[in-house]
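Quick mapping for you: the protein sequence lines, in order, are chains A and B. Quick note: the first sequence, position 541, residue 541 per the UniProt record's numbering, numbers continuous. Quick note: the second sequence, position 132, residue 132 per the UniProt record's numbering, numbers continuous. Idealized CB from N, CA, C, for every residue including glycine.
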Amino acid sequence: MYKYDQYDQAMVDARVAEFRDQVRRRLEGKLSEDQFKPLRLMNGLYLQLHAYMLRVAVPYGTLNSRQMRALADIAEKYDRGYGHFTTRQNIQYNWIKLEDAGDILADLAAVEMHAIQTSGNCIRNISSDHFAGATADELVDPRPYAELLRQWSSFHPEFLALPRKFKIAVIASEADRAAMKLHDIGIRIVKNDAGELGAAFYVGGGMGRTPMIAPCIREFVPLDQLVTYAEACLRVYNRHGRRDNKFKARIKILVHELGADEYTRQVEEEFAHLLDQGIEPPRAELERIKTFFADPAFETDLPEDIDRSDPEFALWVDRNCVAHKAPGYVSAVISLKPVGGIPGDASAEQMRLIADLAKRYSFDELRVMHTQNIVLPHVRKADLHALWSALDEAGLAAPNLDQVDDIIACPGLDYCSLANARSIPVAQQISERFAANGKGKILGELKLKISGCINACGHHHAGHIGILGVDRKGVENYQLLLGGSEADDTSLGKITGPGFDEAGIVDAVEKATDVYLARRQDGERFLDTYRRIGMEPFKEALYG
Amino acid sequence: MAELLRFRDDEPVDHPAVTVDAFLDQSNAAAVRIEPGDDARALIPHLDHVRLVEVNFPAFTDGRGYSAARVLREAGYAGELRAVGDVLVDQLSAMRRCGFDSFAPDRPFDPADADAAFRHWPHVYQPAADGRVPIWNLRHGTDNG
Chain A
1 MYKYDQYDQA
11 MVDARVAEFR
21 DQVRRRLEGK
31 LSEDQFKPLR
41 LMNGLYLQLH
51 AYMLRVAVPY
61 GTLNSRQMRA
71 LADIAEKYDR
81 GYGHFTTRQN
91 IQYNWIKLED
101 AGDILADLAA
111 VEMHAIQTSG
121 NCIRNISSDH
131 FAGATADELV
141 DPRPYAELLR
151 QWSSFHPEFL
161 ALPRKFKIAV
171 IASEADRAAM
181 KLHDIGIRIV
191 KNDAGELGAA
201 FYVGGGMGRT
211 PMIAPCIREF
221 VPLDQLVTYA
231 EACLRVYNRH
241 GRRDNKFKAR
251 IKILVHELGA
261 DEYTRQVEEE
271 FAHLLDQGIE
281 PPRAELERIK
291 TFFADPAFET
301 DLPEDIDRSD
311 PEFALWVDRN
321 CVAHKAPGYV
331 SAVISLKPVG
341 GIPGDASAEQ
351 MRLIADLAKR
361 YSFDELRVMH
371 TQNIVLPHVR
381 KADLHALWSA
391 LDEAGLAAPN
401 LDQVDDIIAC
411 PGLDYCSLAN
421 ARSIPVAQQI
431 SERFAANGKG
441 KILGELKLKI
451 SGCINACGHH
461 HAGHIGILGV
471 DRKGVENYQL
481 LLGGSEADDT
491 SLGKITGPGF
501 DEAGIVDAVE
511 KATDVYLARR
521 QDGERFLDTY
531 RRIGMEPFKE
541 ALYG
Chain B
1 MAELLRFRDD
11 EPVDHPAVTV
21 DAFLDQSNAA
31 AVRIEPGDDA
41 RALIPHLDHV
51 RLVEVNFPAF
61 TDGRGYSAAR
71 VLREAGYAGE
81 LRAVGDVLVD
91 QLSAMRRCGF
101 DSFAPDRPFD
111 PADADAAFRH
121 WPHVYQPAAD
131 GRVPIWNLRH
141 GTDNG
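1) When DSSP labels each residue in this structure, what does Ser347(A) get in the three-state scheme?
2) Kindly list the residues whose CB is nearer than 6 Å to the CB of Ala487(A), restricted to its own chain and excluding five residues on each side of it in sequence; keep chain order.
3) Using a cut-off of 8 Å between C-beta atoms, extract the partners of Ile152(A) located in chain B.
4) Determine the burial state of Ser309(A): buried for a count of at least 16 other Cβ atoms within 10 Å of its Cβ, exposed for fewer.
5) Let me see if you follow: with CB-CB separation under 8 Å, is Pro108(B) close to chain A or not?
6) What are the residues in the segment 1 to 17 of chain A lying within 7 Å of chain B by C-beta distance?
7) When every heavy atom of the ligand MN is checked, does at least one fall within less than 7 Å of the C-beta of Val506(A)?
8) Buried or exposed for Gly145(B), going by 16 or more other Cβ atoms inside 10 Å?
9) Could you name the residues that DSSP lists as bridge partners for Lys473(A)?
10) How would you list, in chain order, the residues of chain B whose beta-carbon sits under 7 Å from the beta-carbon of Gln277(A)?
11) Give the straight-line distance between the Cα atoms of Met1(B) and Asp106(B), rounded to the nearest whole angstrom.
12) Would you say Lys181(A) lies against chain B (beta-carbon separation less than 8 Å)?
13) Between which two residues does the beta strand (DSSP E) harbouring Gly484(A) extend?
14) Leaving out the 5 sequence neighbours to the left and right, which residues in its chain are closer than 8 Å to Leu139(A) when beta-carbon positions are compared?
15) Any beta carbon of chain B sitting closer than 8 Å to that of Gln225(A)?
16) Hey, Lys167(A) and Gly204(A): beta-carbon distance below 8 Å or not?
17) Any beta-carbon of chain A closer than 8 Å to the one on Asn137(B)?
18) Hey, does Pro105(B) have any beta-carbon neighbour from chain A nearer than 8 Å?
19) Could you give the distance in angstroms between the alpha-carbon of Tyr478(A) and the alpha-carbon of Gly497(A)?
20) Say whether chain A places a C-beta atom closer than 8 Å to the C-beta of Gly94(B).
21) According to the neighbour-count rule (16 or more other Cβ atoms, all chains shown, within 10 Å of its Cβ), is Tyr52(A) buried or exposed?
22) Near Ser65(A), which residues of its chain fall below 6 Å by C-beta distance, leaving aside the five closest residues on each side in sequence?
23) Nearest-angstrom Cα distance between Arg209(A) and Asn455(A)?
24) Going by DSSP, which residues form a beta bridge with Gln92(A)?
25) Nearest chain B C-beta to Lys167(A) closer than 8 Å, yes or no?
26) Would Pro111(B) pass as an interface residue toward chain A - the criterion being a Cβ-Cβ separation below 8 Å?
27) Measure the alpha-carbon distance for Asn373(A) versus Asn90(A) and round it to whole angstroms.
28) Over what stretch of residues does the beta strand (DSSP E) that includes Tyr263(A) continue unbroken?
29) According to DSSP, is Met180(A) part of a helix, a strand, or is it coil?
30) Anything in chain A within Cβ reach of Tyr66(B), meaning under 9 Å, just list it in chain order.
31) If you count every other CB in all the chains shown that lies within 10 Å of the CB of Gln6(A), and 16 or more means buried, which is it?
32) In chain B, which residues lie with their C-beta within 7 Å of the C-beta of Leu39(A)?
33) Please classify Lys97(A): is it buried, with 16 or more other beta-carbons within 10 angstroms of its beta-carbon, or exposed?
34) Within its chain, find whatever has a CB closer than 7 Å to the CB of His385(A); leave out the 5 residues flanking it on each side and keep chain order.
35) How would you call Gln26(B), buried or exposed, if buried means at least 16 neighbouring beta carbons within 10 angstroms?
36) According to DSSP, is Thr228(A) helix, strand or coil?
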């Protein structure tokens, strides 16, 4: 895991002091709320329906047990005893007081964490593959590149007042577990014919009200020009992105309106210019960062066999454990999606238990998944039963990774001032329905994602089944989408037709899955069947 | 009249800045003013006789002026680069890093707050137009080979 040196620590400490001073000037009336707002947003502090929300960065989703315990302490000390893991691999607290914010940031800085640029019109927390460093299918661990970009983007003086927010994801395998092409910049570390590593840049993807899949604008940027190329992409956006309309201000609109070819031409011109400006970090810096992400000391000659005599345990192993590059190990997913629960929520006690288990069974390392679950990346197969037993006792052993009840949901109208409809109760009812009717067990992989408004924080465009909450004449109404995917086969879901009320949408999801169960062929997932048979049979069942 | 905060020793230009269009029409003016939608690169062929470039920030949330400043400094412009308009204390540090060396805010700064803003950051991560040595080079020196 990356560890701060004196410089990193000095920067987060300076940030805490700066924010305390900004709060002081706000309270003294030297800053208006309009002037203060972008400052607090860039420290993760968001004003929601009932209180301030604080969003804490978990860079590329990686945490150690000490940090997880600190997050639990914050939940108890400053919030209501729980936190909410988000689709950007971050954690949010929903009941924060402005006067506590400086102290929380100081508590975070004490464990090498921060809330820098987790909101506002700037480069946000950089996300990555939650199985980085553990999966056999990666070329290299993508996180050193994400860390390099974290440093480059932190307090970048030119890019603190962009037209709109800016999200970057970095992966290093063919399989895409980070929705890379749905980011403002998606980077895939690749190898060229000469065997050298480089970065493929996908620019202009995104969800929101105008979902777009990012085109690849450069197939190979040499690694010693990575930061310079990113700077060129950002400068063209900062200079030419639209600022006349907030809803057209993301880079996807610029790339779309200019066309990918023209945007690319401008980036290449800027890149050629910036190459002479000496902004690339020394190569030694990437090498320094890489040393923090070296493999832990995996044991050898470990047993591969797992005692599957307990059927509940065996189901959890089949569903929630993922193949690992080291023999005798797996990555184990801790589901934060119990039946009827709030997707992504964890109590302080649960966080502490997860921290303890990470320390005992996973080399003191944890990952936050963008699907709002937690991963213990490196668990010995021999330890799985003990791990599962501890999780089961704490209500954390739902065997539902990528199943219909592993739902992504935004906070929705229960918390968010932008939302048109509630998301959480719909997620709860769907998971309860599929638990009660038993169909949840037989559906296989089915990614269901719910957003409470068009801004798409719940990634509904990318769900095999997506649900979008809208306001129809003052009544919550839910549109159903089918056929989205955030994976390497990225696609955007299509709306089935007229929306449904709250009870109706739960019925509609069940009807859609019934069509799948009736029509699926050997080995097909819901998404595969939908792609083969198209929308019509689903429409027939829903509206016929 | 806004108070001018200036980090230069030479004499300030004593006449008003002209618009970019006017400047390009009759480029004998020594002071020119860039609006957010102007292309700073249009000035590059004429920089040798420019002594003051004002970059206007009609709203502090519009960050195009930061790029304009860096574009000019990267082109070798060594004259005065002045941020004018809705320029706030909390933007000063980033503006200075992008190459601004004078500030004419609509509303005067509290001198103590402005002073603190310039001195606040012990280090910087990235190179920019202000010549500060980035953390990367403090760690490793300047050798990029």
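Reading off the structure:
1) For Ser347(A), the secondary structure class from DSSP, reduced to helix, strand or coil, is strand.
2) For Ala487(A), where only same-chain residues beyond five positions count, the Cβ hits under 6 Å are Asp176.
3) Checking the sequence shown, residue 152(A) turns out to be Trp, not Ile. Neighbours of Trp152(A) on chain B, chain order: Tyr125 and Gln126.
4) By the beta-carbon neighbour count (other beta carbons within 10 angstroms, threshold 16), Ser309(A) is exposed.
5) So no, Pro108(B) is outside the interface.
6) Residues Tyr7, Ala10, Met11 and Ala14.
7) Here there are no bound small molecules, and the ligand MN is not part of this structure.
8) Unreliable placement is indicated for Gly145(B), whose pLDDT of 41 sits below 50; the coordinate value is still reported in the next sentence. Exposed is the call here.
9) As far as DSSP is concerned, Lys473(A) takes part in no beta bridge.
10) Going along chain B in sequence order, the residues near Gln277(A) (Cβ under 7 Å) are Glu74.
11) Because Met1(B) sits at a pLDDT of 40, beneath the cut-off of 50, its placement in the model cannot be relied upon, and the following sentence gives the value as read from the coordinates. Across the structure, Met1(B) and Asp106(B) are spaced so that their CA atoms are roughly 8 Å apart.
12) So no, Lys181(A) is outside the interface.
13) Premise fails: Gly484(A) is in no beta strand (DSSP E) and is neither H nor E.
14) If the five residues before and after Leu139(A) are omitted, its C-beta is found closer than 8 Å to the C-beta atoms of Ala172, Ser173, Ile189, Val190, Lys191 and Leu197, all from its own chain and listed in chain order.
15) Not a single CB atom of chain B sits nearer than 8 Å to the CB of Gln225(A).
16) No, the Cβ-Cβ distance between Lys167(A) and Gly204(A) is not below 8 Å.
17) Cβ-Cβ to chain A under 8 Å: yes for Asn137(B).
18) Under the Cβ distance rule, Pro105(B) does not count among the residues neighbouring chain A, no pair being separated by less than 8 Å.
19) Those two C-alpha atoms are separated by around 11 Å.
20) For the sequence presented, residue 94(B) should be read as Ala rather than Gly. Interface residue, yes.
21) Counting Cβ neighbours within 10 Å, Tyr52(A) comes out buried, since at least 16 surround it.
22) Contacts found: Ala355, Ala358, Lys359 and Asp364.
23) Arg209(A) and Asn455(A): Cα-Cα distance of roughly 6 Å.
24) DSSP links Gln92(A) through a beta bridge to Arg55(A) and His84(A).
25) No, no contact with chain B.
26) No - not a single Cβ of chain A is within 8 Å of the one on Pro111(B).
27) Distance between the alpha carbons of Asn373(A) and Asn90(A): 11 Å.
28) In this chain, Tyr263(A) is not harboured by any beta strand (DSSP E); it is covered by the alpha helix (DSSP H) spanning Ala260 to Leu274.
29) Here Met180(A) sits in helix by DSSP.
30) Around Tyr66(B), the beta-carbon contacts reaching into chain A at under 9 Å are Pro157, Glu158, Phe159, Leu160, Ala161 and Asn238.
31) Result: exposed.
32) Within chain B, the C-beta atoms nearer than 7 Å to that of Leu39(A) come from Asp90, in chain order.
33) The residue in question, Lys97(A), is exposed, as its Cβ has fewer than 16 Cβ neighbours within 10 Å.
34) Annotation for His385(A): Asp307 and Phe313 place their beta carbon closer than 7 Å to its own, counting only its chain and skipping 5 residues before and after.
35) Counting Cβ neighbours within 10 Å, Gln26(B) comes out exposed, since fewer than 16 surround it.
36) Helix.
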